[in-house]
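See below for the structure under consideration.
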Amino acid sequence: MGTIRETKAATWELDPIDRTEEGQADYSGPLVSDFDFGAYSHSALVRLAEEVCLQMHLLNLSYAVAVRKRAADAELAVSVNTRQLTGVAGVAAERIHRALGLPGGIDGALRVLELHPLLNPAGYVVAETSENRLLVHRSPAHDDGAWISLCTPECVQPLQAIANAVDPHIEVHVGGTDTDWTAELVQTDTPATELPEVSVAKVSRGSSFQFEPRRSLPLTVV
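Just so we're aligned: the sequence shown equals residues 483 to 704 in this note's numbering.
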C-alpha cells in the first residue's frame, strides 16, 4: 500500500545486533521444529522485540487507513481507533506484567509502560520515565499518526487501561500539548472498573495466550 510505504515506520532502521554477545545472533544454523528463545543473545532478543513492535505499528497504520475510508467523518475515525488502542493496550499490559513477573503499584506500571508496544521501538516513539511520571515528546510516530498520537491530555483512556492492568488503584493525569505531555501516575484508595474496551478485547482467545518453555528438535527435510 503506497500510503503505508511512505510512513516513517516503513523505513525505520533498528539498532544492529551485537554479534559479540553469547548466544545466536540470527536464524542461521540447522532447521529446528520450534523457536528456542533461550538460544539467542540478549541483543538479538531485544532486536526481535523491536521488530515485533514495529510490525504492530505498521499493521495499525494500515487499520487506521481502512477506518478513515469507511468512517463518516474524521471524529468517528479517531473514536474507533482510540477504542481499538484502549482495548489492545490493556490486554498487552496485562500480558507483559504477568509474563515478566513485574511488581504492582506505580513502579510496576511505569516498567510496563517502558516495555509496551505503544511506546516502542525507542526513537520511533520518544518517551522517558521519571519518578511517577511518563514524559512523551513529539516523535516520528506522531508524524505517522501512530498509536501515540491518540494519547493526549484530552484522551487518557489508553494510558489508563495500561496502568489499571497492573494496578486498578492507579489514576493517570495528563498535562501538556497533544505531542508533548506528561502523564502522572497517582495511587488511589478506590479501584477502577475495567474499561469496556479492554473487556471486549479479552473475548479473543489470543488475549490469554502464554509463552511456555519448549524443546526445539532438529528437522530433516526430505
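Glycine included, C-beta positions come from ideal geometry on N, C-alpha and C.
Since the model is a prediction, treat every value here as computed from it, not as a measurement.
Practice problem: Confirm, please, whether the CB-CB distance from Thr-664 to Leu-617 is below 7 Å. | Solution: yes
Exercise. Could you check the C-alpha separation between His-539 and Asp-508 for me, to the nearest Å?
Key: 23 Å
Self-check item: Integer Cβ distance of Asn-614 from Ile-588, believed to fall under 8 Å
Solution: 5 Å
Practice problem: Indicate whether Gly-590 and Leu-582 have their beta-carbon atoms separated by less than 7 Å. | Solution: no
Quiz item: Rounded to whole angstroms, how far is the Cβ of Thr-705 from the Cβ of Val-547, which I believe are closer than 8 Å?
Solution: Here the chain comprises residues numbered 483 to 704, so residue 705 is not present and cannot be evaluated.
Quiz item: Is it right to say Pro-631 is buried, meaning 16 or more other beta carbons lie within 10 angstroms of its own, or is it exposed?
Solution: Note that residue 631 corresponds to Ser in the displayed sequence, not to Pro. The residue is buried, with at least 16 neighbouring Cβ atoms inside 10 Å.
Quiz item: Using DSSP with H/G/I as helix, E/B as strand and the rest coil, what is Arg-552?
Solution: helix
Self-check item: Gly-572 and Val-648 closer than 7 Å at C-beta
Solution: no
Quiz item: Hey, out of Pro-622, Asp-662 and Ala-623, whose CA is closest to Leu-636's CA?
Solution: A small correction: the amino acid at residue 636 is Glu; Leu does not occupy that position in the sequence shown. The shortest C-alpha separation from Glu-636 is found at Asp-662.
Practice problem: Grab me the residues of Asp-626's own chain with a C-beta within less than 8 Å of its C-beta, minus the 5 sequence neighbours each way, in chain order. | Solution: Thr-489, Lys-490, Ala-491, His-539 and Leu-543
Exercise. Please check the pair Leu-650 and Ala-674, which I expect to be a contact at CB under 8 Å, by giving their CB distance rounded to whole angstroms.
Key: Residue identity differs from the one stated: residue 650 is Pro in this sequence, not Leu. Correct: roughly 5 Å between the Cβ atoms.
Quiz item: Between the beta-carbon of Trp-629 and the beta-carbon of Leu-595, is there less than 7 Å?
Solution: no
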